[in-house]
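Notes for the one structure printed next.
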Amino acid sequence: MKNCRLHTIAALAALFCMTGISVTSCSSDDDMFYNYPESVISLNMMNESNGNTKLADSNVYINNADNFTSTSTSAVIAPLGTNGGFTASPALSQLASEVAVIPGEFYQVFNDKDVRMFASGKRALSVDASYYNLYVASWINDDNGKHIGAKVSYNIESLENTTLPAWNETACTLIHGIGANSSWVEPEDGAVCKFPAGSEINVDYNGWENYITIEVEGNVVTARFTNNRPRESGQAYLYVRDGSFYTRATVNIRFVTYDI
Numbered sequence: 001m002k003n004c005r006l007h008t009i010a011a012l013a014a015l016f017c018m019t020g021i022s023v024t025s026c027s028s029d030d031d032m033f034y035n036y037p038e039s040v041i042s043l044n045m046m047n048e049s050n051g052n053t054k055l056a057d058s059n060v061y062i063n064n065a066d067n068f069t070s071t072s073t074s075a076v077i078a079p080l081g082t083n084g085g086f087t088a089s090p091a092l093s094q095l096a097s098e099v100a101v102i103p104g105e106f107y108q109v110f111n112d113k114d115v116r117m118f119a120s121g122k123r124a125l126s127v128d129a130s131y132y133n134l135y136v137a138s139w140i141n142d143d144n145g146k147h148i149g150a151k152v153s154y155n156i157e158s159l160e161n162t163t164l165p166a167w168n169e170t171a172c173t174l175i176h177g178i179g180a181n182s183s184w185v186e187p188e189d190g191a192v193c194k195f196p197a198g199s200e201i202n203v204d205y206n207g208w209e210n211y212i213t214i215e216v217e218g219n220v221v222t223a224r225f226t227n228n229r230p231r232e233s234g235q236a237y238l239y240v241r242d243g244s245f246y247t248r249a250t251v252n253i254r255f256v257t258y259d260i
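Our numbering puts the sequence shown at residues 1 to 260.
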């Protein structure tokens, strides 16, 4: 009997959540136990012809083809198979707008606007985003055995990122000043900002490429004015990825005048 066991503890936990049935492992004298978060929510997701239940605020539902999909392009879904969990970190390598519903498997659901593809071809999730870890326990069938929905459990996850700046935080500032008889820039040698080692940094000049240059060397960014000095203020953006997360930091461009 020692080879008799469930394939994943996570699947067992979700089954507990949905049915309330106690199961004893054949591989041990002790009962299996899995500490899933108290925030896990159970839901009967009826398909589009039988109530069209949405997954919380995600707009994700089950269509008549037994697939998870969305009412718009706002959601993307990652199938995790049996390797997921209710507290799993973002898995962004394989995202789709429609995936098959398979009992016993995990999924992740993201808002499409929170996921960015970087120049390296790697995706990352915004530091201020939340997402769903979703488990399918079983089908819901009608009297004829036809699928009309699924019993699911989900957890809304929002991981705290401690290595990247907050969204839209100022990374560095360039100042072009004009007085009565002179003009100047600060800092004279350009503004330097650093990010976590190994970061990938993509630059968005936001229309300021004629006025500033932004050089990226590893995790260090240097911003300078060109000889064409601006007479207005604005911002350029740095999209910075560290692992599975990214942020948008700003290069502030300020134009100031002084009466002398």
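Cβ atoms here follow ideal geometry from the backbone N, Cα and C, with glycine treated the same way. Quantities reported herein were computed from a predicted structural model and do not represent experimental measurements.
I'd like to know whether the C-beta atoms of residue i and residue j end up nearer to each other than 8 Å.
{"i": "Y36", "j": "A78", "result": "no"}
{"i": "A124", "j": "Y246", "result": "yes"}
{"i": "F118", "j": "E200", "result": "yes"}
{"i": "S126", "j": "S158", "result": "no"}
{"i": "A91", "j": "N67", "result": "no"}
Output the distance between the C-alpha atoms of residue i and residue j, rounded to the nearest integer angstrom.
{"i": "V109", "j": "V76", "result": "6 Å"}
{"i": "E169", "j": "T250", "result": "6 Å"}
{"i": "G81", "j": "V40", "result": "18 Å"}
{"i": "D112", "j": "T226", "result": "36 Å"}
{"i": "S42", "j": "T163", "result": "33 Å"}
{"i": "C26", "j": "V60", "result": "With a pLDDT of 36 at C26, under the threshold of 50, the modelled position of this residue cannot be trusted; read the value that follows with caution. Rounded to whole angstroms, C26 to V60 spans 37 Å at the Cα level."}
{"i": "N228", "j": "I214", "result": "15 Å"}
For residue i, which residues of its own chain have a beta-carbon under 7 Å away from its beta-carbon, when the five flanking residues on both sides are left out?
{"i": "W264", "result": "Residue 264 is absent from the structure shown; the chain starts at 1 and stops at 260."}
{"i": "Y258", "result": "G177, G179"}
{"i": "P230", "result": "H176, Y211, I253, F255"}
{"i": "E232", "result": "F255"}
{"i": "N50", "result": "I148, G149"}
{"i": "N141", "result": "H147, I148"}
Kindly indicate which three-state DSSP category residue i falls into: helix, strand or coil?
{"i": "D189", "result": "coil"}
{"i": "D128", "result": "coil"}
{"i": "D242", "result": "strand"}
{"i": "K54", "result": "coil"}
{"i": "D66", "result": "coil"}
Excluding five sequence neighbours on each side, which residues of the same chain lie with their C-beta closer than 8 Å to the C-beta of residue i?
{"i": "S97", "result": "T69, S70, T73, A75, V76, I77"}
{"i": "Q94", "result": "A78, P79"}
{"i": "N206", "result": "G234, Q235, A236, Y237"}
{"i": "N219", "result": "K194, F195, P196, A197, G198, S199, I201"}
For residue i, count the other beta carbons within 10 Å of its own beta carbon; 16 or more makes it buried, fewer makes it exposed. Which is it?
{"i": "D189", "result": "exposed"}
{"i": "E105", "result": "buried"}
{"i": "D242", "result": "buried"}
{"i": "A56", "result": "exposed"}
{"i": "A65", "result": "exposed"}
{"i": "S120", "result": "exposed"}
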